[in-house]
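Residue numbers (mature numbering (1 follows the signal peptide of the UniProt record, and there is no 0)): -19 to -1, 1 to 550.
Virtual Cβ for every residue (Gly too), placed ideally from N, Cα, C.
Below, the structure written as structure tokens:
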């Protein structure tokens, strides 16, 4: 009898039915309840089909007995068009997060689609570790399809090993909630090439290698674990350059990419759970997105310059281009919502505007031109801005701009120049504030602008003015040394010196020795590096003694010993 049973199992394996499925009694299983865990790649945006839908279609085609479960049903809600808003004051009530929407899929998606899921735009594997167990219990899920990890690596939350620990914790928490849970772990897709992000490429490769090995170790008869090699089917990565066939923006799946991700999961489900007669087949013709021209375009003057609005095109973001009336060349920009506020305009100048629909790299046709005269009326930035570094924070003070302005608040803008990312900001009133929660030893560049409120209630922000850079927790700046100059021509030298890593930057001073001046002056421009090409507009460069000081915010070191460049013969 064992011999006959062994022959029967081999026949099943030869026919493509996995041993795991056989051991679990696949044909006698109750209806599966599938929880799909993911980030934006899984969540999708307005007008997307999503790979979840393409996988559901495969389930329907092969009559697979399953329900998709989870607390959410729709794609990510698009941003609403709003006029410019000043930044929040510290402690001011934060706007609530965008409400979930129940649908938002492409108009051709079947309304029978079982769209429940557990995916959120920007979600990290690390975030999921603390809530996935409850999600399994609340949904009575029996299988997890997981596609998380990109945001952990992409946003420096963790490296490959740290992200791997988070994924293992997801597995453990699911098994606590349901000891017989089934799993398919998708690996992390690559994105198009990003300068300076070799770490992302390396961490993605390492994580995928670790996950493949771990999935085999985690697998058991009681709680099967499968590995979906999504990255190998998803046509995206640095080898494709700036644009990928599978992604509409270098990462997120377009209609082709949605099919490719769904196919990767269908392959794992077919191979390791005997679901379906075969994996999903990608059609030769992929539907294109309808990017029709925007309509009802209105251009009018506004406190910050010009406001442009138009009717939203479902599933689209936008390009707009502008030019001064009578000019031939356009300046082109991208915008996510059906409103554009043109802030860098000249009051009293007429501008032409055109709009077109866009989805990632794809775009529609330009609209007709519409024009209006800019009515920008914003206040100058505050002056006498001073910054002072402290531990994990800095203080900043200023004086209000001249004139009778209805000042709503000021904006403090700062960028951590030792990490990649976007600048941060906060609102402020009065003439001083403190910015907290920063990283010691990092170089910070801060600036300010003034926000005013017009008679119609709209706010407008003016131009920025910037303070000196600072390095947090670094103490007083240290005097530069070993100043050297190499003459380039009569008016130019290449200057270099030695500084300390604790310095935030350097000021270059010139003293005219031909006129026997005792005063060394600086233009106030802070140099970040320990070298600079220096030129003079009048006279010869060897008529000047040059010295350098170090700064950290408002604090400044003694100047280095001065040197006079050698005369070029």
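Residue 49 burial status per 10 Å Cβ neighbour count (16 or more: buried): Residue numbering aside, residue 49 sits at position 68 when the chain shown is read from its first letter. So residue 49 ends up on the buried side.
Residue burial classification, residue 32 (beta-carbon count within 10 angstroms, cutoff 16): Residue numbering aside, residue 32 sits at position 51 when the chain shown is read from its first letter. Label assigned to residue 32: buried.
Reduced DSSP category for residue 73 - H, G, I as helix; E, B as strand; rest coil: Within the chain shown, the letter at position 92 stands for residue 73. Residue 73: coil per DSSP, three-state reduction.
Residue-chain proximity (residue 529, chain B), Cβ-Cβ < 7 Å: You won't find chain B in this structure, because it holds only one protein chain.
Alpha helix (DSSP H) runs contained entirely in the segment 517 to 548, provided each spans 4 or more residues: none
Cβ neighbour criterion (16 or more within 10 Å) applied to residue 407: Locating residue 407 in the chain shown gives position 426, counting from the first residue. Its Cβ being crowded by 16 or more others within 10 Å, residue 407 is buried.
Close-in-space but distant-in-sequence residues of the same chain around residue 8 (CB under 8 Å, 5 per side omitted): Taking the chain shown and counting its residues from 1, the one referred to as residue 8 is at position 27. Low per-residue confidence applies at residue 8: pLDDT is 49, beneath 50, and the placement is therefore not dependable, though the value from the model is reported in the following sentence. Counting only Cβ-Cβ distances below 8 Å, and skipping sequence neighbours, we find nothing.
Contact set for residue 227: own chain, Cβ-Cβ below 7 Å, skip 5 residues either direction: Position 246 of the chain shown holds residue 227. For residue 227, where only same-chain residues beyond five positions count, the Cβ hits under 7 Å are 215, 216, 217, 234, 235, 237, 238, 241.
Secondary structure, alpha helix (DSSP H): runs of 4+ residues fully inside the segment 87 to 122: 106 to 109, 113 to 120
Pairwise C-alpha distance: residue 490 and residue 514: Position 533 of the chain shown, counted from the start, is the residue given in the question as residue 514. Position 509 of the chain shown, counted from the start, is the residue given in the question as residue 490. About 13 Å.
Identity of the residues DSSP links to residue 514 by a beta bridge: Counting from 1 along the chain shown, the entry for residue 514 is found at position 533. For residue 514, which the question treats as bridged, DSSP gives the partners 475.
Residue 547: CB within 6 Å of a non-hydrogen atom of the ligand GTP: For the ligand GTP, the structure offers nothing, since it holds no ligand at all.
Cross-strand partners of residue 488 (DSSP beta bridge): As a first step, residue 488 must be located in the chain shown, where it is residue number 507. In the DSSP output, where bridge partners are listed per residue, residue 488 has 530.
Pair within 7 Å by beta-carbon distance, residue 479 and residue 450: Translated into the one-based positions of the chain shown, residue 479 becomes position 498. Translated into the one-based positions of the chain shown, residue 450 becomes position 469. Cβ distance not < 7 Å, so residue 479 and residue 450 don't count as in contact.
Host beta strand (DSSP E) of residue 374 (start-end): The residue you call residue 374 lines up with position 393 of the chain shown. First-last of the beta strand (DSSP E) with residue 374: 374 to 380.
Cβ neighbours of residue 273 in the same chain (closer than 7 Å, five flanking residues each side left out): Residue mapping note: residue 273 aligns to position 292 of the chain shown, counting from 1. Cβ within range, chain order: 294, 338, 345.
Bridge-paired residues (DSSP) for residue 433: Translated into the one-based positions of the chain shown, residue 433 becomes position 452. DSSP output for residue 433 lists 388, 441 as bridge partner(s).
Residue 208 versus residue 75: straight-line alpha-carbon distance, rounded: As a working note, residue 208 is residue 227 in the chain shown. As a working note, residue 75 is residue 94 in the chain shown. Cα to Cα, the separation comes out at about 40 Å.
Cβ shell of residue 545 (< 8 Å), same chain only, five flanking positions each side left out: Stepping through the chain shown from its first residue, residue 545 is reached at position 564. For residue 545, where only same-chain residues beyond five positions count, the Cβ hits under 8 Å are 494, 523, 525, 526, 527.
Nearest candidate by alpha-carbon position, reference residue 124, set 136, 179, 51, 77: Along the chain shown, read from residue 1 onward, the residue named residue 124 stands at position 143. It is 51 whose Cα lies nearest to the Cα of residue 124.
Coarse secondary structure for residue 324, derived from DSSP in three states: Taking the chain shown and counting its residues from 1, one reaches residue 324 at position 343. Correct three-state label for residue 324: coil.
Span separating the alpha-carbon of residue 395 from that of residue 401: Along the chain shown, read from residue 1 onward, the residue named residue 395 stands at position 414. Along the chain shown, read from residue 1 onward, the residue named residue 401 stands at position 420. Rounded to the nearest whole angstrom, the CA to CA distance from residue 395 to residue 401 is 13 Å.
Straight-line Cα distance separating residue 321 from residue 383: Mapped onto the chain shown, residue 383 falls at position 402. Mapped onto the chain shown, residue 321 falls at position 340. Our two residues, residue 383 and residue 321, have alpha carbons roughly 29 Å apart in a direct line.
One or two residues paired with residue 425 in a DSSP bridge: Along the chain shown, one-based indexing puts residue 425 at 444. DSSP lists 397, 451 as partners of residue 425.
Straight-line Cα distance separating residue 447 from residue 115: For the purposes of this step, residue 115 is taken as the residue at position 134 of the chain shown. For the purposes of this step, residue 447 is taken as the residue at position 466 of the chain shown. In a straight line, the C-alpha of residue 115 is about 48 Å away from that of residue 447.
Own chain partners of residue 258 with C-beta closer than 7 Å, once the 5 adjacent residues on each side are dropped: Here residue 258 refers to the residue found at position 277 when the chain shown is read from its first residue. Excluding residues within five positions, the ones whose Cβ falls inside 7 Å are 43.
Proximity to residue 90 [Cα-Cα], best of 28, 104, 68, 132: On the chain shown, position 109 is the one that residue 90 refers to. Nearest option by C-alpha distance: 28.
Reduced DSSP category for residue 142 - H, G, I as helix; E, B as strand; rest coil: One-based indexing of the chain shown puts residue 142 at position 161. Three-state DSSP puts residue 142 in a helix.
Exposed unless 16 or more other CB atoms sit within 10 angstroms - verdict on residue 24: Along the chain shown, one-based indexing puts residue 24 at 43. Flag for residue 24 reads buried.
Distance between residue 355 and residue 172 (C-alpha atoms, nearest Å): For the purposes of this step, residue 172 is taken as the residue at position 191 of the chain shown. For the purposes of this step, residue 355 is taken as the residue at position 374 of the chain shown. Whole-angstrom Cα-Cα distance: 40 Å.
First through last residue of the beta strand (DSSP E) which encompasses residue 207: Within the chain shown, residue 207 is the residue found at index 226, counting from 1. Where residue 207 is concerned, the enclosing beta strand (DSSP E) stretches over 206 to 209.
Beta-carbon contacts of residue 158 that lie in its chain and below 6 Å, excluding the five residues immediately before and after: For the purposes of this step, residue 158 is taken as the residue at position 177 of the chain shown. For residue 158, where only same-chain residues beyond five positions count, the Cβ hits under 6 Å are 114, 117, 118.
Residue 16 - DSSP class collapsed to helix/strand/coil: Translated into positions along the chain shown, residue 16 becomes position 35. Here residue 16 sits in strand by DSSP.
Buried or exposed by the 16-neighbour rule on C-beta atoms within 10 Å, applied to residue 275: If you number the chain shown from 1, residue 275 lands on position 294. The residue is buried, with at least 16 neighbouring Cβ atoms inside 10 Å.
Element boundaries [beta strand (DSSP E), containing residue 623]: Since the first residue shown for the chain is -19 and the last is 550, residue 623 is missing from the structure and cannot be characterised.
Cβ shell of residue 120 (< 7 Å), same chain only, five flanking positions each side left out: Position 139 of the chain shown, counted from the start, is the residue given in the question as residue 120. Closer than 7 Å at the Cβ level, and outside the excluded window around residue 120, lie 14, 16, 50, 51.
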